[in-house]
Each structure stands twice: as structure tokens, then as C-alpha cells.
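Below: the structure, in C-alpha cells.
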Amino acid sequence: MSAKPGMNGSSGAHPRLILRGITKRYPGVLANDRIDLTLGAGEIHALLGENGAGKSTLVQIVYGVVRADAGRILWNGAAVTVDGPAGARALGIGMVFQHFSLFESLTVAENVALGLDPKSEAGARDMAALSARIAEVSARYGLTLDPEARVFDLSVGERQRVEIVRCLLQDPSLLIMDEPTSVLTPQEADQLFETLRRLAAEGRTILYISHKLDEIRRLCDSATILRGGRVVATCDPRTETAPSLARLMIGEEVRATRKETAGAKPRMDELLRVEGLSMKATNPLGTPLHDVRLRLREGEILGIAGVAGNGQNTLLAALSGELPAPRADAIRFEGVSIGLEGARARRDRGINFVPEDRLGHGAVADLSLADNALLSGWRRWSLVRRGLVSFARSRERAEQVVARFSVAAPGAHAAARSLSGGNLQKFIIGREIMQRPRLLIAAHPTWGVDAGAAAAIHKALIELAASGAGVIVVSQDLDELFTLADRVAVICAGRLSASRPAHEVTAEDVGLMMGGLFDAAIAKGGGVPSETGDTRDGG
Amino acid sequence: MDILSMILMSVVAAATPLLFAGLGELVTEKAGVLNLGVEGMMLMGAVIGFAVTAVTGTAFLGIPAAALAGAAMAGLFALLTLNLLANQVATGLALTLFGVGLSSLIGQDFVGTPLDRLPQLDIPGLSTVPVIGPVLFGQDALVYLSLLAVGGVVWFLARTRAGLVLKAVGENPAAAHRLGHSVLGVRWLAVLFGGAMSGIGGAYLSLAYTPLWAENMTAGRGWIALALVVFATWRPGRVLLGAYLFGGVTIAQLHAQSAGIDIPSQFMSMLPYVATILVLVLISRDATRIRLNAPASIGKVFHPGG
């Protein structure tokens with residue numbers, strides 16, 4: 001691989017990529033409306049916008065996955081049509097998707113080989129040579145990787161490196177990154193930024209898609225902001241503030257939903273106590289739990305941060321009762337040992353659960369909203385009498401949820417599958433909240449949800465806690481946790497850190513703990529003991 | 001030839017049809033397709049192989065014809081499940097029923113027709129070694145071919161780029177599609193290979209194991225081949241082990257029955273099935289290894305647009 005990306009003679013005179021009037025219409029929505037975009041060599045350009053603003057459609061057009069209805073693409077000054085991802089790669093366009101295209105049971109080198117064209121890449125045939133090249137590229141850009149490791153053993157950050165290395169081996173002059181930091185710890189994100197700056201310094205262009213304002217201000221030289229499928233502004237993000245960017249992106253002043261965490265709450269009764277909870281994972285590749293302990297009071301929101309795959313799924317299964325704990329007294333709810341109880345018994349006690357996976361776990365895709373309301377609330381809402389289902393009452397309940405949580409749905413008869421992700425999530429959270437839980441456990445409540453729906457979900461969770469219920473939120477989104485939580489704990493490799501008041505913790509502390517450095521973060525934070533005094537080593 | 005080598009020869013003969021069908025199904029499943037029609041494809045291979053050999057007088061035409069017959073059945077399955085997105089389990093079951101019926105119809109005129117057994121290809125010098133000589137070096141061509149196929153499949157899956165693509169398609173077809181690999185193309189080829197191997201396995205029954213045609217003569221071997229693949233955790237070497245174990249116990253219980261051991265014959269006939277499955281389950285208990293070898297997308301319909 002050459003040190004400089006393969007530029008032809010004309011690239012010095014022309015911007016690397018120019019989009020003119022790109023338009024793409026899907027049934028019922030104009031995803032891209034006459035979009036113009038210009039990218040120069042060595043530029044890190046942000047594409048900023050909410051979910052549904054048209055960012056993904058636009059980059060899919062550039063990468064050849066989707067064809068535009070109208071508009072022109074100029075590559076190094078020449079008009080081109082991009083026929084499929086292979087055509088894009090041949091031009092020198094590489095893309096790292098948000099959802100990785102990886103094969104878990106194969107090795108890193110095999111995964112890379114699968115992404116290379118065997119005709120153009122001599123290394124793709126000889127695995128030993130390929131491994132050497134992977135090692136060389138990883139070393140040059142600070143992307144530490146073992147070519148012989150199997151992907152299922154890797155952390156999410158390492159998996160992303162596999163994707164990036166796969167792109168770099170094709171020597172791209174434009175690299176598209178789709179929300180790359182959504183799965184990374186802050187430290188991993190910093191490493192990634194370092195790599196991207198190095199790539200830009202070599203003259204490669206980076207198109208960086210995100211809705212995280214701070215990282216765009218830190219990383220990018222220029223930004224194009226999309227709203228509703230149109231370009232609303234082009235600016236230099238380094239001279240903007242986060243609120244001014246947010247205004248451009250959302251179109252109105254964003255409300256700060258941050259809670260008054262500093263204000264002392266009256267000490268309420270303890271609701272939930274987990275002690276010495278160690279258990280095996282639900283599946284062979286899951287993460288087991290080691291001696292997890294946590295406390296939750298009435299009216300309190302506990303945030304659990306952590307990189308995906310560190311035992312969240314096992315912990316959620318243990319708390320919801322889908323996977324009962326090994327001992328009854330490992331989990332105590334309102335003073336009663338409930339560790340051995342299953343999900344239904346716990347729901348009867350008022351413990352409700354919003355799982356991570358909306359379609360399939362939180363709701364049945366092909367059933368109506370009314371039927372989905374029945375599935376979760378049939379006991380608490382008494383929707384079944386003498387073994388017979390009252391469909392009228394389930395419909396009524398579903399309609400109440402739709403009305404109170406402003407779910408955009410044609411009615412209770414709509415299939416869960418037909419709702420957008422954000423609306424379905426509002427329905428699921430509303431369904432659980434309207435059962436008046438004593439304890440609500442929510443996994444990634446706003447993952448993939450646009451800002452408006454996320455704000456509504458946050459408001460509902462805060463109101464629920466204010467009414468005296470306890471809430472546990474498991475999330476990878478630190479902003480969300482700091483918005484919601486009274487106290488924050490971090491899960492790493494199946495161990496849960498002691499929780500600390502949210503207003504005493506910085507994002508950097510949490511980032512260190514997400515990497516397993518519980519002690520370092522606590523020492524840095526001045527050794528603040530948790531309110532229950534169970535500061536412990538995190539090893 | 002002494003008694004012992006005759007017994008060992010019959011063990012190999014009993015195992016070979018399973019080995020062919022199992023290897024073919026292994027490759028099919030590694031690409032993420034579950035074809036339950038192995039029994040039907042074997043029967044079609046058996047009857048077409050027999051008919052063509054009987055009519056033309058040469059197995060050199062009969063065996064390729066059997067492979068083609070199995071592949072044609074598999075092609076029907078591929079068209080229905082891969083292109084028309086039919087359910088793989090239901091289609092596979094239907095393929096077996098179809099194969100049973102069609103092979104009986106085609107074979108009507110050949111019931112009771114005598115045929116010479118497939119000739120043994122003695123390897124000069126080595127086949128006269130006592131006991132192991134005839135077993136290892138005095139077999140017919142299909143036995144050698146089946147053993148070559150084991151090595152070939154191992155080499156293909158572990159060493160070649162095409163094998164890597166095949167495993168990738170079985171593991172995560174959506175990702176393979178995004179990387180520009182033809183999921184349907186790979187799966188079509190894998191299914192056709194599985195069909196051809198099942199056809200040859202069937203032909204071994206009607207041309208070499210018992211050189212005659214009888215209705216439904218596979219007697220459930222297609223199902224055993226399917227089970228072998230799963231219990232062997234998708235590893236060719238273990239399919240070989242399982243097939244020979246099955247052959248060994250089959251022959252042992254036949255000899256035990258003829259020796260007049262006082263155990264109900266139904267129990268004895270059950271033994272090969274129980275023993276094979278038990279042994280393979282016991283040696284393949286490692287959950288992580290199963291996860292690594294099992295094709296994650298098996299049986300799931302893939303549609304490039306969705």
C-alpha cells in the first residue's frame with residue numbers, strides 16, 4: 001500500500017467529490033431534496049442531522065447502495081455513476097457502516113479477506129501475506145489488532161477497527177464513517193479521532209456522519225447540516241457552539257431536560273437490593289456476572305453505563321426474571337427475596353421491563369398494538385377474565401397509551417411492525433409506565449430514536465420516578481444517563497462498579513470505568529464513596 | 001479373503017452412502033441452507049443410477065447420471081427456497097416425499113433386474129496384504145471417491161477463498177451481500193453439490209451395497225446423514241467418523257443376530273442409530289465450538305432487498 005492515496009492528476013485542481021442536486025424519493029417521503037455537497041482532499045467533513053434527516057440515504061447514494069432519482073456526482077472533477085458498492089470501492093470510496101458487516105466465527109484476517117476483491121488484491125489469496133499487511137496497516141494508524149483472533153472474542157471497538165482496516169487495505173481516498181462512536185467508550189473514540197486525523201493528514205477525505213455535537217466540533221473541519229432531507233446550513237463547526245449547531249439541526253432551541261440532581265431529595269425507602277449476584281450468561285458467548293450489587297430507592301433513577309457486551313444482557317435478564325438468579329436472596333424487592341421468581345411473578349409485584357430489542361422482545365412484530373398491550377399488561381390491567389380475553393379492553397388500553405404518549409399510529413389495530421422505531425419505543429415505554437410499575441427497568445430506551453421522541457421518553461421516565469417509582473436505565477449513551485440518572489454505575493466484564501451521584505461524575509470518569517479501570521476513576525474522583533458505602537475494587 | 005477382511009469390507013460398504021450424503025449436506029448447511037430432502041435425493045440417485053447402468057451396461061454412465069438426478073432434485077429445492085423464498089423445512093420434507101414416489105414410479109420396471117456389483121479396483125501389490133489389504137486397497141471406485149471427498153471438503157472449507165465465502169454466507173448472509181458476494185449464487189452451488197453427493201450416495205446403495213433396485217431402499221439413511229451432520233458439529237472429519245461408526249455397528253449387529261444372540265432383533269436394528277448419535281453427542285459437547293462451527297443463518301430465508 002502506498003503512503004498516499006491513489007490520486008490521479010486531476011485531483012489537485014478539483015475537489016474530490018461534488019454532489020449537485022441529489023434527490024431521492026421514497027413512497028411518502030422525500031429523503032433527499034436537491035442536496036449539494038463539496039468535499040476537498042484531506043478534509044474531515046461532518047454530515048450532521050437527526051434520525052430521518054436523510055444522512056443515511058445520501059451516503060448510501062455516494063456508496064452506490066441506493067440510486068438517486070436525480071442529481072450529479074462528480075469524482076475528482078469527472079461525472080460518474082456509482083454502480084453498487086464494488087463500483088464505489090473501485091473509485092476509491094470506502095465506507096464503515098454503523099452496523100458492522102462482520103462474521104463472528106471467522107478470524108480477523110478472514111473477515112478482511114472477504115471484503116477484498118480477489119482479482120485486484122494479491123494479498124487476498126495468501127492469508128499469511130494478508131495477515132502481514134493487516135499488521136502493517138494497524139501499526140501505522142494505531143489500530144491494534146491481532147489478525148488471527150476470532151471476531152466474537154473482540155470488543156466493539158476492536159470490531160470497528162476490523163472494518164476500518166478492511167477499508168484502508170483498499171487504499172480509499174474518501175472514507176465514509178457512519179456514526180462510528182455510537183458504540184465506543186470515550187477513550188476508544190479519542191483513539192479513533194487520532195486515526196482519522198492521521199488519515200486526513202495523508203490527503204484522504206473523511207465524511208463523518210454523526211449527531212453528536214461535541215465530537216464534531218472537536219474533529220471536523222467543516223460541516224453540512226441536514227434537516228428533513230435538505231441542506232439547512234454549511235459551517236465550520238470549530239467556530240460554532242454546541243447549542244448553535246443543535247439549533248441548526250433540530251430547528252428550535254433544545255430544551256435542557258437535565259434534572260436538578262444537586263438538589264437533595266428526601267430519603268425514600270429502599271426498593272431494590274441486589275447482593276452477591278453471580279451467574280452464567282444466557283448464551284455461551286454472553287458475559288457472566290460476578291458479584292453484582294446495587295441498591296435503588298423509591299423515586300430514584302439509577303443509570304448503568306457500559307460498552308455493549310459487558311454483561312448488560314445477563315443483568316437485565318436477572319432483574320426482569322427472564323433468567324432467575326441462583327439464590328432467592330440475591331435480589332430483594334421491598335424486603336422480599338425474589339431472586340428465584342420468574343418474569344410473571346415479578347410483573348405481579350410491579351416490576352416492569354423494557355427490553356433492548358423492540359421487535360421480537362419488546363413487541364411481537366405482526367401483532368396489533370392492542371394485542372401487544374395484552375401480552376404485557378394482561379394481569380395488571382385484568383384483561384383476561386375466566387380464561388377469556390377482553391379484546392375491547394385491550395384495545396382501549398392500547399388507545400390510551402397511543403393518546404397519552406403521542407404515538408404516531410393509525411390506531412390500536414396497527415401492527416407493531418408498521419410503526420417507526422421511535423414510535424414503537426414510545427408505545428412500549430408508555431405501555432409499561434401506564435401499568436403503574438413500582439420499578440421500571442429500561443434497556444437503551446432511546447436507542448435509534450430521534451431527538452423529539454427521545455425527549456418525550458426522558459420526560460416520561462423522570463415523571464415516573466417523581467411519582468415514587470424506582471427506575472433503572474441501562475444505556476451506552478452517556479448524555480442520556482447524565483440527563484436522567486440520579487446515580488450512575490458502570491458495568492464492565494460482568495462486574496458492576498459502585499454507583500456515584502451523577503453530578504459528581506464526569507464523562508471521563510465513566511469512560512475510564514467503561515474500560516474496567518474502576519479504581520483509577522474513583523481515585524481521580526477523590527475517592528467519593530457511594531452512599532451505601534460499598535466502594536469496592538473492580539479488577 | 002478371510003472372514004475379518006470381509007467384515008471390514010462390509011463395514012466400509014455400509015458407511016459409504018452415509019458419507020457421501022452427509023458430506024453433501026454439510027456443504028449445503030455450511031452455506032446456511034437446511035435441505036431435509038436428502039432421503040428423496042438419495043432415492044432418485046439410486047433409481048436413476050441403477051436404471052442407466054442396467055440400460056447402458058456401464059456404471060461409468062450410471063454414476064454421473066445419479067449425481068445429475070440428485071442435483072436436479074436439489075435444483076428444484078433451490079428454486080423454491082432460494083428464489084421463491086419458500087420455507088426450507090417444509091420444502092425439504094416435500095422433496096423427500098416427492099423423491100420416494102417418483103423413484104418408485106421410475107423403478108417399477110427394474111424391480112428384480114439383476115446387475116453386476118460395481119467392480120473392485122485392486123491396487124496392485126497393496127491389496128494382497130493380509131486383513132487390511134483388501135479393506136484399504138481393494139475397494140470399488142466410489143469408496144475411494146468418498147474418502148477423497150472428505151479431504152476435498154476439508155481443504156475447500158479451510159483453505160480456499162471460495163470456502164471462506166461459503167462459510168461467510170452461512171454465517172451472515174446480509175453482511176456477505178453488503179460486501180458484494182452473491183448469496184444466492186453461493187447457496188445455489190452449495191445446494192446442487194449437496195444434491196449430487198446425495199445422488200451418488202444413493203447410487204452406491206443400488207450399484208454396490210446391494211446391486212438391485214427395491215422401492216424405498218435407502219431405509220432412512222438420508223435422515224441419518226442429516227443427523228450425522230448436526231451431531232458431527234459440521235466437521236467433515238467427524239462425519240467420516242460417524243458414518244464408519246454407523247456402518248460398523250450395523251454390520252456387528254447383523255452378525256450378532258445371525259449368531260443367534262438372544263436379544264430382540266428390533267433392539268439390535270436400533271443399535272447403529274443410537275450408538276452413532278450417542279458417541280457424536282458425547283464428543284461434541286463444547287458449546288463454544290458448536291457456536292463456531294454451526295452456520296448461524298441456517299434455515300433462514302434470505303432476501304437481498306430486505
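Residue numbers (full-length UniProt numbering), protein chains in the order written: chain A, 1 to 539; chain B, 1 to 306.
Don't be surprised by glycine CBs; every beta carbon is placed ideally from N, CA and C.
Remember, it's a predicted structure, so these values are computed and weren't measured experimentally.
Worksheet entry | Contacts of K167(B) in chain A (Cβ-Cβ under 7 Å) | Working through the second sequence from its first residue, we reach residue 167(B) at position 167. Within chain A, the residues near K167(B) are L106.
Worksheet item: If we cut at 7 Å on Cβ distances, does T261(A) have a partner in chain B?
Response: Walking along the first sequence from the start, residue 261(A) turns up at place 261. The predicted position of T261(A) is uncertain, since its pLDDT is 43 and thus under 50; a value taken from the coordinates is nonetheless stated next. No, no contact with chain B.
Worksheet entry | For Y273(B), the first and last residue of its enclosing alpha helix (DSSP H) | If you number the second sequence from 1, residue 273(B) lands on position 273. Per DSSP, the continuous alpha helix (DSSP H) segment holding Y273(B) begins and ends at 265-283.
Fill in: Coarse secondary structure for M95(A), derived from DSSP in three states
By one-based count along the first sequence, residue 95(A) stands at place 95. Looking at M95(A) - three-state DSSP - the assignment turns out to be strand.
Practice prompt. Look at the alpha carbon of A51(B) and the alpha carbon of V165(A), and state the distance between them as a whole number of angstroms.
Written response: The count along the second sequence starts at 1 and reaches residue 51(B) at position 51. The count along the first sequence starts at 1 and reaches residue 165(A) at position 165. Rounded to whole angstroms, the gap between the alpha carbons of A51(B) and V165(A) is 56 Å.
Item to complete: Quick one: using the 10 Å Cβ neighbour count with 16 as the cut-off for buried, is Y208(A) buried or exposed?
Response: Here the question's residue 208(A) lines up with position 208 in the first sequence. It is buried - the Cβ of Y208(A) has at least 16 other Cβ atoms within 10 Å.
Worksheet entry | Strand pairing of S210(A), partner residues [DSSP] | Residue numbering aside, residue 210(A) sits at position 210 when the first sequence is read from its first letter. DSSP, once it has assigned bridges, lists L48(A) as partnering S210(A).
Discussion item. So that I know if they touch, is there some Cβ in chain B lying closer than 7 Å to that of A86(A)?
Written reply: In the first sequence, counting from the first residue as 1, residue 86(A) sits at position 86. It does; some Cβ of chain B falls within 7 Å.
Worksheet entry | Inter-residue Cα distance where the pair is V100(B) and V239(B) | Here the question's residue 100(B) lines up with position 100 in the second sequence. Here the question's residue 239(B) lines up with position 239 in the second sequence. Cα to Cα, the separation comes out at about 25 Å.
Item to complete: Mind checking which residues open and close the beta strand (DSSP E) that includes K24(A)?
Response: For the purposes of this step, residue 24(A) is taken as residue 24 along the first sequence, with counting starting at 1. Element bounds for K24(A): 17-26.
Discussion item. So that I know if they touch, is there some Cβ in chain B lying closer than 7 Å to that of S101(A)?
Written reply: Translated into positions along the first sequence, residue 101(A) becomes position 101. So yes, S101(A) belongs to the interface.
Worksheet entry | Residues of its chain near R289(B), where Cβ-Cβ distance is below 7 Å and the 5 sequence neighbours each way are ignored | The count along the second sequence starts at 1 and reaches residue 289(B) at position 289. Hits under 7 Å: T233.
Discussion item. Quick check: V96(A) and T185(A), are their CB atoms within less than 7 Å of each other?
Written reply: Against the first sequence, residue 96(A) aligns to sequence position 96. Against the first sequence, residue 185(A) aligns to sequence position 185. No, these two residues do not count as a Cβ contact at 7 Å.
Worksheet item: Closest Cβ-Cβ distance between G115(A) and chain B: below 7 Å?
Response: One-based indexing of the first sequence puts residue 115(A) at position 115. With 7 Å as the cut-off, G115(A) counts as an interface residue toward chain B.
Fill in: V254(A) (DSSP reduced to helix, strand or coil)
For the purposes of this step, residue 254(A) is identified with residue 254 of the first sequence, where counting begins at 1. Note that V254(A) scores 43 on pLDDT, short of 50, meaning its location in the model is unreliable; the coordinates nonetheless yield the value given after this. Of the three classes helix, strand and coil, the one that applies to V254(A) here is coil, per DSSP.
Worksheet item: Under the DSSP definition of a beta bridge, which residues are partnered with W75(A)?
Response: The residue labelled residue 75(A) in the question sits at position 75 within the first sequence. W75(A) is bridged to L17(A), A78(A).
Practice prompt. Spatial neighbours of Q60(A) within its chain, please: CB distance less than 6 Å, with the 5 preceding and 5 following residues excluded, ordered by chain position.
Written response: Residue numbering aside, residue 60(A) sits at position 60 when the first sequence is read from its first letter. Answer for Q60(A): V66, listed in chain order.
Worksheet item: What does E110(A) touch in chain B if you count any residue whose Cβ is under 9 Å from its own?
Response: For this step, residue 110(A) is matched to residue 110 along the first sequence. Neighbours of E110(A) on chain B, chain order: L164, K167, A168.
Worksheet entry | Unbroken alpha helix (DSSP H) run spanning F246(B), endpoints | One-based indexing of the second sequence puts residue 246(B) at position 246. 236-258 is the extent of the alpha helix (DSSP H) around F246(B).
Item to complete: Let me know the secondary structure DSSP gives A149(A) once reduced to three states.
Response: Position 149 of the first sequence holds residue 149(A). The answer is coil: DSSP assigns A149(A) none of H, G, I, E or B.
Discussion item. Can you check which of these residues, P17(B), M6(B), D2(B), L8(B), is closest to A219(B) by C-alpha distance?
Written reply: As a first step, residue 219(B) must be located in the second sequence, where it is residue number 219. The shortest Cα separation from A219(B) among P17(B), M6(B), D2(B), L8(B) belongs to P17(B).
Fill in: As assigned by DSSP and simplified to three states, the class of P501(A)
Here residue 501(A) corresponds to residue number 501 of the first sequence, with the count starting at 1. Strand at P501(A).
Practice prompt. Using a Cβ cut-off of 9 Å, pull out every chain B residue sitting near P118(A), in sequence order please.
Written response: Here residue 118(A) corresponds to residue number 118 of the first sequence, with the count starting at 1. Within 9 Å Cβ-Cβ: R161.
Worksheet item: Any contact of the stretch 67-75 of chain B with the stretch 129-140 of chain B, i.e. 3+ C-beta pairs under 8 Å?
Response: No, they do not touch.
Practice prompt. Could you check if R346(A) is buried or exposed, using at least 16 other CB atoms within 10 Å of its CB as the buried criterion?
Written response: As a working note, residue 346(A) is residue 346 in the first sequence. By the neighbour-count rule (16 or more Cβ atoms within 10 Å), R346(A) is buried.
Worksheet item: the stretch 190-222 of chain B: which residues have C-beta closer than 8 Å to a C-beta of chain A, in chain order?
Response: none
Worksheet entry | E29(B) (DSSP reduced to helix, strand or coil) | Position 29 of the second sequence, counting from 1, holds the residue named residue 29(B). It is helical.
Worksheet item: Under 7 Å, do L271(A) and A325(A) count as touching if we go by C-beta distance?
Response: By 1-based counting over the first sequence, the position of residue 271(A) is 271. By 1-based counting over the first sequence, the position of residue 325(A) is 325. No, these two residues do not count as a Cβ contact at 7 Å.
Item to complete: Return the bridge partner residues of F98(B) from the DSSP annotation.
Response: Walking along the second sequence from the start, residue 98(B) turns up at place 98. F98(B) pairs with nothing; no bridge assigned.
Worksheet item: Alpha carbon to alpha carbon, how far is T38(A) from S222(A)?
Response: Here residue 38(A) refers to the residue found at position 38 of the first sequence. Here residue 222(A) refers to the residue found at position 222 of the first sequence. Cα-Cα distance, rounded: 10 Å.
Worksheet item: Count the other CB atoms within 10 Å of the CB of A78(A); is the residue buried (16 or more) or exposed (fewer)?
Response: On the first sequence, residue 78(A) is found 78 positions in, with the first residue counted as 1. So A78(A) counts as exposed.
Worksheet item: Taking the continuous alpha helix (DSSP H) assigned at H177(B), which residues delimit it?
Response: Taking the first residue of the second sequence as position 1, residue 177(B) is located at position 177. Under the DSSP assignment, H177(B) falls in the alpha helix (DSSP H) whose first and last residues are 173-178.
Worksheet item: Applying a beta-carbon distance threshold of less than 8 Å, which residues of chain A neighbour E171(B)?
Response: Residue 171(B) sits at position 171 when you count from the first residue of the second sequence. Going along chain A in sequence order, the residues near E171(B) (Cβ under 8 Å) are F103, E104, S105, L106.
Worksheet item: The alpha helix (DSSP H) spanning E480(A) covers which residue range?
Response: The residue labelled residue 480(A) in the question sits at position 480 within the first sequence. Here the alpha helix (DSSP H) through E480(A) covers 478-484.
Worksheet item: Near Y273(B), which residues of its chain fall below 7 Å by C-beta distance, leaving aside the five closest residues on each side in sequence?
Response: Numbered from 1 along the second sequence, position 273 holds the residue referred to as residue 273(B). The residues are I224.
Item to complete: Quick one: list the residues of chain A neighbouring L179(B), beta-carbon separation under 7 Å, in chain order.
Response: Taking the first residue of the second sequence as 1, we reach residue 179(B) at position 179. Chain A residues near L179(B): S101, L114, G115.
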